[in-house]
Amino acid sequence: MRKVITYGTFDMLHYGHIRLLERAKALGDYLIVGVTSEEFDRKRGKINVRQSLMERIEAVKSTGLADKILIEEYEGQKIDDIRQYGADIFTVGSDWDGKFDYLREFCEVIYLERTEGVSSTDIRSSEERIRLGMVGSVESSVFQKYYEESAHVDGLEFVGAFSERPLDDCVDPYIKWFPNYNELLDNCDAVYIVSHPSRHEEFIRSALDSDCHVLCEAPITLNGDTCRELFELADSKKLILMEAVKTAYSTAYNRFILMVKNGLIGDAVSVDATCTSLRDMQRENWSAEKSQNSICAWGPTAMLPVFQIFGTGYTGKSIVSRIIDVAEKYDSYTRVSFVYSNAIASIQVGKGVKSEGELIVSGTKGYIYIPAPWWKTDYFEIRYENPEENKRFFYQLDGEGIRNEYLSFLHSIKQGNVLSCISREVSIQISSVIGDYYAGNDCTILGDDR
């Protein structure tokens, strides 16, 4: 059997890519395709990649031409892969002519003529830009981060924002502020919503009625049934509705989830996730009425690994909360425990209680440890009974995952198909758990002792 190996970014897979893969496949009996990671592309100076790594892998897989798909992550990996998989031929497009002659020591090297007139760069530059508006709490750090990161995303044009509360002198003067939400929608193709969760449904419905795509900060709503209804409404209008949890688009987080599912720690039997902060409550003008409570601010992030690893089919759950404002249902701390048929999970979230913000997944062969703050980590460890077998993994994190989230949102709009890193079932379940908190289902309330 003659094995052929090739590498590429494969951004926005087009006919030229497919033709190259077809010709590479014809050179032998078994085709290995290396898809370059975002980090390695950045090191090589390639910063305008439109799609996430997982989207590009799925695109290559969908061609049916690759017998094996690898992730290229470091300089010198080509030699390692050729040796490990016994490749007989290395091939790549002729625009790299001579660049990989050093590999002739290990296998045959063939440069294939590229398909003329087709390139990802040309496709990106010719595409219409998506006009993005923002709505929500302008003093929110999340609002500011998403505004700043939009400038780093090719194909996205930030047009302005609408504030759900009166503006003050501290607002960025470079942002165009619209006097009302409807006027913003008239000037946008899509909106990012970072309002108080109680207003998400209102803002989402108005956007969809105005034929605008929606990226909404989690939770989408405070009720699972309403969340499902909004997804169905978006589908009926052929619009994209996506939940925004930037952690889901972090490279390290995605690799961690893949490693758990690939059995590197055996069968996963427990997930323990902690997310806490005190910043908001320490602000001079803090109020429970204006601020997100703990379960809304941190709950979606903490629940994400639970539902992505174990699924949403738990057999039981319990919620224990410490309430400091009964009228606003403001919890300073909440713990939610989930019971599955063969696993358990626990999350603790707090905006008035501080704890170590770590994530631990326990398995039958070992465990994965992600140190605080795990929700924006670039590093994690797999630990085994024998410490000599422990492994550490490092991944560059640019923009806390926001850039990749924007890219996924843009690509979903272009393709007319939701390509979120968060499944619809997970989004609905997150809203359902938060809805149970507000309804008092499976919930124990601890009184304020002050």
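Take the sequence shown: its letter number 167 is residue 163 in our numbering, and every next letter is one higher. Positions of the beta carbon are idealized from the N, C-alpha and C atoms, including for glycine.
- Taking buried to mean at least 16 other C-beta atoms within 10 Å of its own C-beta, is L211 buried or exposed? Per the 10 Å Cβ criterion, buried.
- In the structure shown, what three-state DSSP assignment does D374 receive? D374 falls in the coil class under three-state DSSP.
- Inter-stretch contact (C-beta, 8 Å, three-pair minimum) for the stretch 261 to 277 and the stretch 288 to 308: Touching, per the Cβ criterion.
- Query: Taking the C-alpha atoms as reference points, what is the distance between I119 and R201?
  - Reply: Caution is warranted here: a pLDDT of 48 is assigned to I119, below 50, making its placement in the model unreliable, and the coordinate value is therefore given only provisionally. Rounded to whole angstroms, the separation of the alpha carbons of R201 and I119 is 32 Å.
- Task: Report the rounded CA-to-CA distance for Y380 versus G362, giving the unit in angstroms.
- Result: Taking the CA atoms as reference points, Y380 sits about 4 Å from G362.
- Query: In its own chain, which residues sit with a C-beta less than 7 Å from the C-beta of N386, not counting the 5 before and 5 after it?
  - Reply: Only residues of its own chain outside the window of five on either side were considered, and among them E377, I378, R379 and Y380 have a CB closer than 7 Å to the CB of N386, listed in chain order.
- Task: With a 10 Å radius around its C-beta and 16 neighbouring C-beta atoms as the bar for buried, classify Q392 as buried or exposed.
- Result: With fewer than 16 Cβ atoms within 10 Å of its Cβ, Q392 is classed as exposed.
- Message: Can you confirm whether the stretch 97 to 105 touches the stretch 168 to 188 when touching is taken to mean that 3 or more C-beta pairs between the two stretches lie within less than 8 Å?
- Response: Because the criterion of three Cβ pairs below 8 Å is not met, the stretch 168 to 188 and the stretch 97 to 105 do not touch.
- Identify which residue in V345, N176 and C292 has its Cα closest to the Cα of G431. Distances from the alpha-carbon of G431 to those of V345, N176 and C292 put C292 closest.
- Query: In the stretch 386 to 441, which residue ranges form an unbroken alpha helix (DSSP H) of at least 4 residues, counting only runs that do not cross its ends?
  - Reply: Segments of the alpha helix (DSSP H) lying fully in the stretch 386 to 441: 398 to 411 and 420 to 435.
- Task: Find the nearest neighbour of N289 within the set E101, A214, R79 and I67, judged by alpha-carbon distance.
- Result: That would be A214, whose Cα lies nearest to the Cα of N289.
- Query: From this set, Y326, I340 and T243, which residue's C-alpha is nearest D263's C-alpha?
  - Reply: Nearest C-alpha to D263: I340.
- Can you name, in chain order, every residue of its own chain whose Cβ lies under 6 Å from the Cβ of P369, other than the five neighbours on each side? Same-chain partners within the cutoff: G353.
- Just grab the DSSP bridge partners of T270 for me. T270 is bridged to Q344.
- Message: How far does the alpha helix (DSSP H) with S54 in it extend, from its first residue to its last?
- Response: Before going on, a small fix: residue 54 reads as Glu here, not Ser. Note, E54: alpha helix (DSSP H), L49 to S58.
- Query: How long is the line joining the alpha carbons of A435 and V88, rounded to whole angstroms?
  - Reply: A straight-line Cα-Cα distance of about 59 Å links A435 and V88.
- Express the C-alpha separation of A244 and R318 in angstroms, rounding to a whole number. Each residue's Cα considered, the two are about 28 Å apart.
- Query: Taking the Cβ atom as the reference point for each residue, do F158 and N176 lie within a distance shorter than 8 Å?
  - Reply: Against a cut-off of 8 Å, the Cβ pair of N176 and F158 comes out as a contact.
- Item | Continuous alpha helix (DSSP H) stretch holding D182: start and end | Looking at the DSSP string, the run of the alpha helix (DSSP H) that includes D182 is Y177 to D182.
- Report yes or no: do the stretch 48 to 59 and the stretch 21 to 33 share at least 3 C-beta pairs separated by less than 8 Å? Contact between the stretch 48 to 59 and the stretch 21 to 33 is present, because at least three Cβ pairs lie under 8 Å.
- Item | Distance between E401 and S122 (C-alpha atoms, nearest Å) | Any reading at S122 must be qualified, since the residue scores a pLDDT of 49, below 50, and its modelled position is unreliable; no value is offered.
- Task: Measure the alpha-carbon distance for E350 versus S328 and round it to whole angstroms.
- Result: What sits at residue 350 in the sequence shown is Lys, not Glu. Within the model, the alpha-carbon separation for K350 versus S328 is close to 10 Å.
- Query: If we ignore side chains and look at the alpha-carbon of each, how far apart do R19 and Y81 end up?
  - Reply: R19 and Y81: Cα-Cα distance of roughly 20 Å.
- Item | Through-space distance from G259 to E160, alpha-carbon basis | Cα to Cα, E160 sits roughly 46 Å from G259.
- Query: Just reading off the alpha helix (DSSP H) that H13 is part of, what are its end residues?
  - Reply: That run of the alpha helix (DSSP H) goes Y11 to A22.
- Message: Rounded to the nearest angstrom, what separates V422 and I343 at their Cα positions?
- Response: If you take the alpha carbons of V422 and I343, they lie about 15 Å apart.
- Query: Where do the N-terminal and C-terminal ends of the beta strand (DSSP E) with S358 fall, by residue?
  - Reply: Going by DSSP, S358 is part of the beta strand (DSSP E) stretching over L355 to G359.
- Query: Does the beta-carbon distance from L442 to V345 come in below 8 Å?
  - Reply: Cβ atoms of L442 and V345: not closer than 8 Å.
- Item | Under the three-state DSSP convention, the category L218 falls into | L218 carries a coil assignment under DSSP once its states are collapsed to helix, strand and coil.
- Query: Alpha carbon to alpha carbon, what distance is there between I67 and H10?
  - Reply: Distance between the alpha carbons of H10 and I67: 20 Å.
- S133 beta carbon less than 8 Å from that of S58: No, the pair does not count as a contact, with Cβ atoms beyond the cut-off.
- Query: P367: buried (16+ other C-beta within 10 angstroms of its C-beta) or exposed?
  - Reply: The residue in question, P367, is exposed, as its Cβ has fewer than 16 Cβ neighbours within 10 Å.
- Rounded straight-line distance, which links the Cα of T330 to that of S116: With a pLDDT of 47 at S116, under the threshold of 50, the modelled position of this residue cannot be trusted; read the value that follows with caution. Distance from the CA of S116 to the CA of T330, rounded to the nearest whole angstrom, comes to 47 Å.
- Report all residues from its chain with a CB closer than 6 Å to the CB of F389; omit the five preceding and five following residues, and keep chain order. Result list for F389: F376, in chain order.
- Item | Residue environment, T360, which counts as buried when at least 16 other CB atoms sit within 10 Å | Under this definition T360 is an exposed residue.
- Task: Check whether the Cβ atoms of C223 and S427 lie closer than 8 Å to each other.
- Result: C223 places its beta carbon less than 8 Å from that of S427.
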